[in-house]
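Numbering (the numbering used here), first residue to last: 378 to 604. This report concerns only the one structure given below.
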Ligand SMILES: *Cc1c(COP(=O)(O)O)cnc(C)c1O
């Protein structure tokens, strides 16, 4: 990444690298509104944030045809603030959270909020998400079927944080297989359930090789974050 690169040129490079049909979520967390605007002017419309306050503040300051994707860990008590603005919530990791999204969407008369279920596949013990077995058990139990104001659209994961590309590829492949199983068992007749959100700056090309439909790329577009 040379100093002469701009958000516009880096965005174009990432877009050019993506296979047809893979959606790019430009992760703008910790970058200013001006940076988002530059990407917007270059045609980008899907942005990802991981803090509720930051997402709602940026959404208020930027054009209304932006799709805002919430990609971070979401606390139940922040759902109310997020639901009016968000397009998709990527990291739903409990039935309790799903229920609260449903409840808050109903409360404001929003027909439904698109959600992905987060799968814990990485080696790290601290990551959020359903284990593959817990995911199947939750879907099997069936309480989600009564939630009319959430629309389950697929799965999300983070690969193990490692330089070992074979380990990363194995994680993505495991989630691709899980997706096929879950789709066949619970969503065979539900066209909405088809998204796989996996891949970040360092591993999005690997994710593309393993069937991802949405990549969440921040650093490769906006540069390093200053926390
Ligand atoms: C920050 C973040 C990203 C983007 O990471 P980069 O390495 O900057 O591309 C993707 N997914 C999640 C869940 C994130 O929190």
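We treat Cβ as the ideally placed atom computed from N, Cα and C, and that holds for glycine. Computed from a predicted model, the values in this text were never measured in an experiment.
A Cβ-Cβ distance of about 7 Å is found for the pair residue 594 and residue 403, placing them in contact under the 8 Å criterion. Residue 423 has its CB no nearer than 6 Å to any heavy atom of ligand 1. Every beta strand (DSSP E) of 3 residues or more that sits fully in the region 457-482 is shown, in chain order, as 465-469. Apart from sequence neighbours up to five positions away, the residues of its chain that approach residue 603 with a beta-carbon distance below 8 Å are 407, ordered along the chain.
Taken in chain order, the complete alpha helix (DSSP H) segments of 4 residues or longer contained in the region 560-602 are 581-586, 596-599. If you look at residue 490, you'll find it in the beta strand (DSSP E) that goes 490-496. Short note on residue 420: C-beta not closer than 6 Å to any heavy atom of ligand 1. The region 547-556 and the region 498-513 touch, with three or more beta-carbon pairs separated by less than 8 Å.
Apart from the 5 residues on each side of it in sequence, residue 534 sits with its Cβ closer than 6 Å to the Cβ of 496, 498, 552, 575 in its chain, given in chain order.
Per DSSP, the beta bridge partners of residue 531 are 493, 572.
Rounded to whole angstroms, the Cβ separation of residue 528 and residue 537 is 29 Å, and the two are not in contact under 8 Å.
Secondary structure of residue 444 (DSSP, three-state): strand. Straight-line spacing of the CA atoms in residue 386 and residue 596 works out to 13 Å.
Taking the Cα of residue 443 as reference, the smallest distance to any Cα among 458, 392, 401, 477 is reached at 401.
With respect to the C-alpha of residue 458, the residue from 431, 489, 586 having the closest C-alpha is 431. If you draw a straight line from the Cα of residue 466 to the Cα of residue 592, it is about 14 Å long. By the criterion of a C-beta distance shorter than 7 Å, residue 599 is surrounded in its chain by 384, 405, 408, 412, once the five residues flanking it on both sides are discounted.
Between residue 478 and the set 521, 554, 424, 585, the nearest pair of CA atoms involves 521.
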